[in-house]
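In what follows, a structure is listed as structure tokens, so that the remarks can point back to it.
2 protein chains.
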Amino acid sequence: MNVDFSALTTTLSQHGYKLTRQRRAVVEVVAHGQTRLSAADVYAQAQRACPDLGLTTVYRTLEILAELGAIRRVHLDDGCEGFAPASAEHGHHLICSNCKMTIEFEDCDMRKLLDRVAARTGFKIEQHWLELVGRCPKCLQKAAARK
Amino acid sequence: MNVDFSALTTTLSQHGYKLTRQRRAVVEVVAHGQTRLSAADVYAQAQRACPDLGLTTVYRTLEILAELGAIRRVHLDDGCEGFAPASAEHGHHLICSNCKMTIEFEDCDMRKLLDRVAARTGFKIEQHWLELVGRCPKCLQKAAARK
DNA sequence: TTCCTAATTGAAAATCATTTTCAATTAGGC
DNA sequence: GCCTAATTGAAAATGATTTTCAATTAGGAA
Chain S
10 MNVDFSALTT
20 TLSQHGYKLT
30 RQRRAVVEVV
40 AHGQTRLSAA
50 DVYAQAQRAC
60 PDLGLTTVYR
70 TLEILAELGA
80 IRRVHLDDGC
90 EGFAPASAEH
100 GHHLICSNCK
110 MTIEFEDCDM
120 RKLLDRVAAR
130 TGFKIEQHWL
140 ELVGRCPKCL
150 QKAAARK
Chain P
10 MNVDFSALTT
20 TLSQHGYKLT
30 RQRRAVVEVV
40 AHGQTRLSAA
50 DVYAQAQRAC
60 PDLGLTTVYR
70 TLEILAELGA
80 IRRVHLDDGC
90 EGFAPASAEH
100 GHHLICSNCK
110 MTIEFEDCDM
120 RKLLDRVAAR
130 TGFKIEQHWL
140 ELVGRCPKCL
150 QKAAARK
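Going line by line, the protein sequences match chains S and P.
For the first sequence, counting from 1, position 89 maps to 98 in our numbering; every step adds exactly one.
For the second sequence, counting from 1, position 20 maps to 29 in our numbering; every step adds exactly one.
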């Protein structure tokens, strides 16, 4: 489920990025992330390990990680951008609306739908963006225990 | 494909909203929209018919229309929020990455996928966000004619 | 190990999209 | 026509994000 810290730093290196303390701190947070995180979330957490980390660097690093495919942008209902770990080349996210826990899933299996819509509209479909929102097992349990 | 201006103003009325000149101008743009539009897009167009329209009112009106289900929020890759007409209770949008022309489609038919992911993860899935991006027939034709 | 330099940093400033404030205006019910 | 709650928009505020630029540093080369 999680992406590997070490694989990630290697990827950064291979793409010509220097491995600064700040970048390592950000990658650490992202690699162990179980929830979708905003830049502010990442900053708050990474700053504990790296107190001289600036928010600007968080934004920059997240941008690079997204470009490298290590994280994926997810839509947040409060307006700001979120990121979630991406271990798969092609995947989507399922997010708990309560605790924000995030799970990646790969097999969206949309071939049929895409073909159908394409055939009907004449479009050539190049991308699809899918995000699922619901309640995770834990939050469901909590809600049940509350009744 | 388009939502009806008149049905929209009636809906607004029925929900207790006054039909101001400004709101009419916004609804006019939205009702005839063939593309996904940002607030700024709507403002630029609606202002022609209603020169004393303020951007604030555009935002407010779009918000109301979204709440009433007349338009739907779509994800824009440039960061700001977009809106697209919604004539169906439940639908999604297909957007041309070139000209931004937007088509709504209803039959996302995701039952199977949702059930599969739910079964695997233990989540109770409540919402799904789906958006397709590609090239519309017109832009495809242009690109072909260019070769 | 040391040196060097291009890459990187972050505080401050800037930018951008959006929301709030509040006095002035107005839609529409009576 | 009157009245009032709803609505307006310019200005200000807000919050997320990006840019600027002098200072710092990662890591390759010697």
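A virtual CB, placed ideally from N, CA and C, is assigned to each residue, including glycine.
The model shown is predicted, which means the values in this text are computed figures rather than measured ones.
- Under the three-state reduction of DSSP, residue 82(S) is assigned to strand.
- In summary, the residues of the segment 111 to 136 of chain S whose CB is separated from some CB of chain P by less than 9 Å are 112, 114, 116, 117, 118, 119, 121, 122, 123, 125, 126, 127, 129, 130, 131, 132, 133, 134, 135, 136, in the order they occur in the chain.
- Sixteen is the threshold: since fewer than 16 other Cβ atoms of the shown chains lie within 10 Å of the Cβ of residue 136(S), the residue is exposed.
- Using a CB distance cut-off of 7 Å, residue 144(S) counts as an interface residue toward chain P.
- Just so you know, the alpha carbons of residue 109(P) and residue 63(P) end up roughly 24 Å apart.
- In the DSSP annotation of this structure, the continuous segment of the alpha helix (DSSP H) that includes residue 146(S) starts and ends at 146 to 155.
- Interface with chain P (7 Å Cβ-Cβ cutoff): residue 103(S) is included.
- Going by DSSP, residue 44(S) is part of no beta strand (DSSP E) at all; its letter is neither H nor E.
- Contact check for residue 111(P) against residue 93(P) passes: the beta carbons are separated by less than 7 Å.
- Partner residues in the beta bridge of residue 134(P), as assigned by DSSP, are 143(S).
- With a contact defined as Cβ atoms closer than 8 Å, residue 101(S) and residue 117(S) qualify at about 6 Å.
- Close partners of residue 84(S) in chain P (Cβ separation under 8 Å): 84, 138.
- By the neighbour-count criterion, in which 16 or more other beta carbons inside 10 Å mark a residue as buried, residue 47(P) falls on the buried side.
- About 5 Å separates the CB atoms of residue 106(S) and residue 142(S); that is less than 8 Å, so the two are in contact.
- Beta-carbon to beta-carbon, residue 149(P) and residue 133(S) are separated by about 6 Å, close enough to satisfy the 8 Å threshold.
- Residue ranges of uninterrupted alpha helix (DSSP H) with 4 or more members, entirely inside the segment 48 to 124 of chain S and ordered along the chain, are 48 to 58, 64 to 76.
- Using beta-carbon distances, residue 17(S) does not count as an interface residue toward chain P, since no partner is under 7 Å.
- In the displayed model, residue 18(P) falls within a helix according to three-state DSSP.
- Scanning its chain for C-beta atoms nearer than 8 Å, with the 5 sequence neighbours on each side dropped, one finds around residue 144(S) the residues 105, 106, 107, 152, in chain order.
- Scanning chain P for C-beta atoms nearer than 9 Å to the C-beta of residue 77(S) yields nothing, as the closest lies near 18 Å away.
- Taking the beta carbon of residue 149(S) as reference, the chain P residues within 9 Å of it are 131, 132, 133, listed in sequence order.
- Neighbours of residue 22(S) in chain P, taken as residues whose beta carbon is under 8 Å from its own, are absent, since the nearest beta carbon is some 28 Å off.
- Interface criterion met: the Cβ of residue 141(P) is under 7 Å from a Cβ in chain S.
- Residue 22(S) and residue 154(P) have their C-alpha atoms roughly 43 Å apart.
- Within chain P, the residues whose beta carbon sits less than 9 Å from that of residue 106(S) are 135, 136, listed in sequence order.
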